[in-house]
Amino acid sequence: GDALYRRSIYTFVKRTSPPPSMSTFDAPNREACTVKRERTNTPLQALTMMNDIQYVEAARCFAERVVEQSLPKTEQRLNYAMRLATGRTLAEDELKLLGNLYTKHMATFKKDQEAAKGLIQTGEAPRISDATPEELASLTMICNLILNLDEIMTLN
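All residue numbers for the sequence shown refer to the numbering used here, where the first residue is 103 and numbers rise by one.
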């Protein structure tokens with residue numbers, strides 16, 4: 103509904119049961135003031151970032167932005183996505199790795215159009231891109247990977 107994209111500061115929180123996503127990312131309890139947050143990286147956090155619907159939807163919307171605002175060549179799109187997320191461009195080896203991964207995803211999604219359509223329909227945000235389903239799904243997977251880099255997830 104309309105409240106789906108509200109800021110989490112306005113989320114209704116029960117005293118005894120915080121939102122599951124906040125618990126996964128080690129949100130402090132609200133019984134005492136927290137001066138410094140501890141840095142943790144757990145497998146559950148990685149699984150949440152890779153599979154939770156809100157993060158997959160964020161990756162899809164990020165991929166749509168990349169398609170709409172960058173040039174059509176794959177390398178240019180990958181560099182643009184990385185620059186948007188981290189403020190830097192990809193190193194040559196990173197570009198080669200992501201390019202190969204993008205190509206593999208394209209081949210997979212061309213064979214399985216239903217999987218591509220299912221992925222790009224994740225979440226409530228309307229689809230705004232004119233890209234083909236396999237192209238957008240492949241770029242969504244790459245954007246999901248970029249959003250899961252330590253550079254994005256970790257403050258220090």
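The beta carbon of each residue, even a glycine, is placed where N, CA and C say it ideally should be. These numbers come from a predicted model, not from an experiment.
- The alpha helix (DSSP H) runs lying completely inside the region 128-170 and spanning 4 residues or more are 145-153, given in chain order.
- In this structure Leu-200 does not touch Ile-254 by the C-beta definition: roughly 14 Å separates them, more than the 8 Å allowed.
- Taking a contact to require three or more Cβ pairs closer than 8 Å, the region 163-181 and the region 228-245 qualify as touching.
- Taking one beta carbon from each stretch, the region 137-155 and the region 216-223 have fewer than 3 pairs nearer than 8 Å; the two do not touch.
- If you check the CB distance, Ala-161 and Leu-249 come in under 9 Å.
- With fewer than 16 other Cβ atoms inside 10 Å of its own Cβ, Val-137 counts as exposed.
- Exclusion of the five residues before and after Pro-120 leaves Ala-129 as the residues of its chain whose Cβ lies within less than 7 Å of its Cβ.
- Around the beta carbon of Ile-222, 16 or more other beta carbons lie within 10 angstroms, which makes this residue buried.
- For Gln-156, the closest C-alpha among the options Asp-195, Pro-235, Met-124 is that of Met-124.
- The shortest CA-to-CA distance from Asn-143 to any of Phe-127, Cys-135, Asn-131 is the one to Phe-127.
- If you check the CB distance, Glu-159 and Thr-224 come in under 9 Å.
- Thr-191 counts as exposed, since fewer than 16 other C-beta atoms from the protein chains shown sit within 10 angstroms of its C-beta.
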